[in-house]
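Accompanying notes for the structure given below.
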Amino acid sequence: MPELPEVETIRCGIEPFIKGRRVIQVSVRTPRLRWPVPADLASRLCGQTVQGVERRAKYLLLRTEVGTLLIHLGMSGFLRILQQPQPPGKHDHADIEFAGGICLRLNDVRRFGALLWLDGDPRHHSLLADLGPEPLSAELSGDYLYQRSKGRRLAVKPFIMDSRVVVGVGNIYASESLFRAGIDPARAAGRISLARYGCLATAIRQVLQEAIAAGGTTLRDFSDQHGRPGYFAQQLQVYGRAGEPCSGCGQAIVKIQLGQRSTYFCRQCQR
DNA sequence: CCCAAGACCTGGCGGC
DNA sequence: TGCCGCCAGGTCTTGG
0 MPELPEVETI RCGIEPFIKG RRVIQVSVRT PRLRWPVPAD LASRLCGQTV QGVERRAKYL
60 LLRTEVGTLL IHLGMSGFLR ILQQPQPPGK HDHADIEFAG GICLRLNDVR RFGALLWLDG
120 DPRHHSLLAD LGPEPLSAEL SGDYLYQRSK GRRLAVKPFI MDSRVVVGVG NIYASESLFR
180 AGIDPARAAG RISLARYGCL ATAIRQVLQE AIAAGGTTLR DFSDQHGRPG YFAQQLQVYG
240 RAGEPCSGCG QAIVKIQLGQ RSTYFCRQCQ R
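The numbers in numbering that gives the first Met the number 0 rise by one with no breaks, and the one at position 31 of the first sequence is 30.
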């Protein structure tokens, strides 16, 4: 589920409920997520006040005085804010309970998500240390992508999905960005001009910004913190639309595999 | 260093 | 109705 727009939507949604609040209880019902949830998480977190909820790539960072709670939602995770007690349902793996009756609940069917405690400066943690620039920052430019792509024979789609190159471009928005930029997703990254990378950088920024503005894409099981579905899916131009006419030329959108991932594009409009 | 493939999980769907 | 194979939003890890 969560691509960067969904994670950002969740960040914005939960921060007003938990910023400035003190953690009073932590319940981990399923410690086996992508990595084991630290056994001492509750003792680290209880009594701490959340100073802010930040996002780096698709990681959510709940900052406290003494450390940071890192949350990743994997493929199928989501967070809800409960303002009334509610019995945990299937795949509700963990609750962070705050003073004032607020509960942050993690649900993750596939358990590819993570819940980790980071001491010290989170930027130095191995999961975060080697990440590329944020796609919405000025650091992402055509010039930057062009420089990074020199000599690379990898297809451009997996290239822009590499978090060391740029973070936050997931499988849906990689296809959408390349469609908007008119670039064939299978083209070798090192064989794209500076000018075309300029188009791609702009496309990535636009696609992600529009999705954030729309509140995130819905596919299957996404709900925001209130349980309402997002509604960006209708605006997707190519993802999930194999066989449908291209909005530009009318030719059928095709689906191929690239780096083990489904990839959608228009053979006519993308070169 | 670069790249491809494998690994981790559950559940929904189509086909027989 | 039941079983089987395939597919799904991520990304770290391994092996060539």
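Just so it is clear, CB atoms sit at the ideal spot from N, CA and C, and this is done for glycine as well.
Residues near residue i in its chain [Cβ-Cβ closer than 6 Å; skip 5 each side]
i: arginine 62; result: Gln50 and Gly51
i: glutamate 138; result: Pro132
i: glycine 169; result: Glu2
i: glutamate 53; result: Leu60
Same chain, Cβ closer than 7 Å to residue i, five either side skipped, listed in chain order
i: glycine 66; result: Arg43, Trp116, Leu117 and Asp118
i: glycine 226; result: Per-residue confidence for glycine 226 stands at a pLDDT of 46, beneath the threshold of 50, marking its modelled position as unreliable; no derived number is given.
i: leucine 81; result: Cys102 and Arg104
i: valine 164; result: Gly131, Arg147 and Phe158
i: glycine 238; result: Sequence check: residue 238 is tyrosine here, not glycine. Within the same chain, tyrosine 238 has close Cβ partners Ile171, Ser174, Glu175 and Tyr263.
i: alanine 98; result: Arg20, Arg21 and Ile23
i: arginine 55; result: Leu127 and Leu130
i: glycine 88; result: none
i: isoleucine 191; result: Ser148, Val155 and Ile182
Integer Cβ distance of residue i from residue j, believed to fall under 8 Å
i: alanine 210; j: proline 184; result: Not confirmed; about 19 Å, so no contact.
i: arginine 31; j: alanine 113; result: Not a contact, Cβ separation roughly 11 Å.
i: proline 134; j: isoleucine 70; result: Proline 134 to isoleucine 70, Cβ: 20 Å. No contact.
i: leucine 103; j: aspartate 94; result: 7 Å
i: alanine 213; j: glutamine 234; result: 7 Å
i: leucine 60; j: proline 121; result: 6 Å
i: leucine 72; j: valine 6; result: 7 Å
Residue i to residue j span [Cα, whole Å]
i: glutamine 250; j: phenylalanine 264; result: 10 Å
i: glycine 258; j: serine 26; result: 38 Å
i: arginine 179; j: arginine 20; result: 42 Å
i: threonine 201; j: arginine 270; result: 17 Å
i: arginine 266; j: alanine 173; result: 16 Å
i: aspartate 220; j: proline 1; result: Confidence at aspartate 220 is low in this model, with a pLDDT of 38, below 50, so the placement of that residue should be treated as unreliable; the coordinate-derived value is given next. Approximately 10 Å, taken between the alpha carbons.
i: tyrosine 58; j: serine 125; result: 13 Å
i: proline 4; j: tyrosine 196; result: 22 Å
i: glutamine 224; j: isoleucine 17; result: Reliability of the predicted coordinates at glutamine 224 is poor, the pLDDT of 44 falling under 50, and no value is obtained from them.
i: glycine 247; j: cysteine 268; result: 7 Å
i: serine 136; j: glutamine 85; result: 39 Å
i: valine 36; j: aspartate 161; result: 26 Å
i: glutamine 205; j: serine 75; result: 25 Å
i: glutamine 236; j: cysteine 198; result: 17 Å
i: glycine 14; j: alanine 188; result: Reading the sequence as shown, one finds glutamate at residue 14 and not glycine. The alpha-carbon atoms of glutamate 14 and alanine 188 are separated by roughly 38 Å.
i: threonine 29; j: leucine 193; result: 48 Å
i: isoleucine 9; j: glutamine 256; result: 30 Å
i: phenylalanine 77; j: glycine 100; result: 20 Å
i: serine 261; j: glutamate 243; result: 16 Å
i: glycine 12; j: leucine 177; result: 29 Å
i: cysteine 45; j: leucine 68; result: 12 Å
i: threonine 48; j: glutamate 96; result: 11 Å
i: cysteine 245; j: leucine 207; result: 20 Å
i: leucine 218; j: histidine 123; result: Confidence at leucine 218 is low in this model, with a pLDDT of 37, below 50, so the placement of that residue should be treated as unreliable; the coordinate-derived value is given next. The alpha-carbon atoms of leucine 218 and histidine 123 are separated by roughly 33 Å.
Cβ shell of residue i (< 8 Å), same chain only, five flanking positions each side left out
i: valine 253; result: Ala241, Tyr263, Phe264, Cys265 and Arg266
i: alanine 38; result: Pro30
i: glutamate 64; result: Gln47, Thr48 and Gln50
i: glutamine 83; result: Gly100
Legend entry - Inter-stretch contact at 8 Å, needing at least 3 Cβ pairs: the stretch 169-185 / the stretch 142-151: With a cut-off of 8 Å, the stretch 142-151 and the stretch 169-185 do not count as touching, because too few Cβ pairs lie within range.
Legend entry - Touching by the beta-carbon criterion (3+ pairs, under 8 Å), the stretch 130-144 and the stretch 92-108: The stretch 130-144 makes no contact with the stretch 92-108, as fewer than three CB pairs between them are under 8 Å.
Legend entry - Any alpha helix (DSSP H) of 4 or more consecutive residues that is wholly inside the stretch 24-100: Listed in chain order, they are 40-44.
Inset, instruction - Return the chain-ordered ranges of every beta strand (DSSP E) run that is complete within the stretch 176-218 and spans a minimum of 3 residues. - result: Runs of the beta strand (DSSP E) inside the stretch 176-218: none found.
Inset, instruction - With a floor of 3 residues, list each beta strand (DSSP E) that falls wholly inside the stretch 90-161, ordered by position along the chain. - result: With a minimum length of 3 residues, the continuous beta strand (DSSP E) runs that stay inside the stretch 90-161 are 91-97, 101-107 and 113-117.
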